[in-house]
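Just so you know, we're using full-length UniProt numbering here: the sequence shown kicks off at 1 and counts up by one.
The beta carbon of each residue, even a glycine, is placed where N, CA and C say it ideally should be.
Predicted model only: the values in this text are computed from it and were never measured.
Presented below is the structure to which this report refers.
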Amino acid sequence: MNTKHREVLRKNRVAIVESLRVEDIRSHMIQDGILTISHFQSITAKPTRKERAEEFLDVLVTRGPNAFKAFTRALRYDYSFLYASLMGKGTERELDLVEENKLLKDENKTLKQYLHKIYRGMETL
Numbered sequence: 001m002n003t004k005h006r007e008v009l010r011k012n013r014v015a016i017v018e019s020l021r022v023e024d025i026r027s028h029m030i031q032d033g034i035l036t037i038s039h040f041q042s043i044t045a046k047p048t049r050k051e052r053a054e055e056f057l058d059v060l061v062t063r064g065p066n067a068f069k070a071f072t073r074a075l076r077y078d079y080s081f082l083y084a085s086l087m088g089k090g091t092e093r094e095l096d097l098v099e100e101n102k103l104l105k106d107e108n109k110t111l112k113q114y115l116h117k118i119y120r121g122m123e124t125l
């Protein structure tokens, strides 16, 4: 997770801990490969909802570059107020641009491979 996303989580930590039931987003986070069942077993072993939310946030920041985006997607519908707070000005656009950039890189790679095949075919003529 990048520094900017860590900072967004830090600034919104109290709101997240006060509101979030980690059980509500469990399936999303497992489906996206951000957290495992084992992670959730240790998180849900905490005795209170707030402690579970605290533990979830502590684990989340260690789960790689896609963790923030997966978390915000999980919040989008049932926790729209948290989603709005986390996304803030510019953050959603930034995530969209990063994803678009990845798609363009993939397309570029595919086109290069295609052109290389055409070029090799022309050499054999």
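Whole-number beta carbon distance between residue j and residue i, since they are thought to touch under 8 Å
| i | j | result |
| --- | --- | --- |
| I43 | A67 | Wrong, their Cβ atoms sit about 14 Å apart, outside the cutoff. |
| M29 | A70 | 6 Å |
| G88 | V14 | Actually they are not in contact, since the Cβ atoms of G88 and V14 sit about 16 Å apart, beyond 8 Å. |
Enclosing alpha helix (DSSP H) for residue i [first to last residue]
| i | result |
| --- | --- |
| D78 | Counting along the chain, D78 falls outside any alpha helix (DSSP H), and DSSP gives it neither H nor E. |
| I16 | 13–19 |
| R26 | 26–31 |
| V61 | It is not in any alpha helix (DSSP H) - V61 carries neither H nor E in the DSSP assignment. |
Of the listed residues the options, nearest to residue i (C-alpha basis)
| i | options | result |
| --- | --- | --- |
| Q31 | L57, Y119, R73 | R73 |
| M1 | S27, E23, G64 | G64 |
| S80 | V61, L104, D24 | D24 |
C-alpha distance - residue i paired with residue j, whole-angstrom precision
| i | j | result |
| --- | --- | --- |
| R21 | A53 | 7 Å |
| R26 | L111 | 39 Å |
| H39 | K4 | 24 Å |
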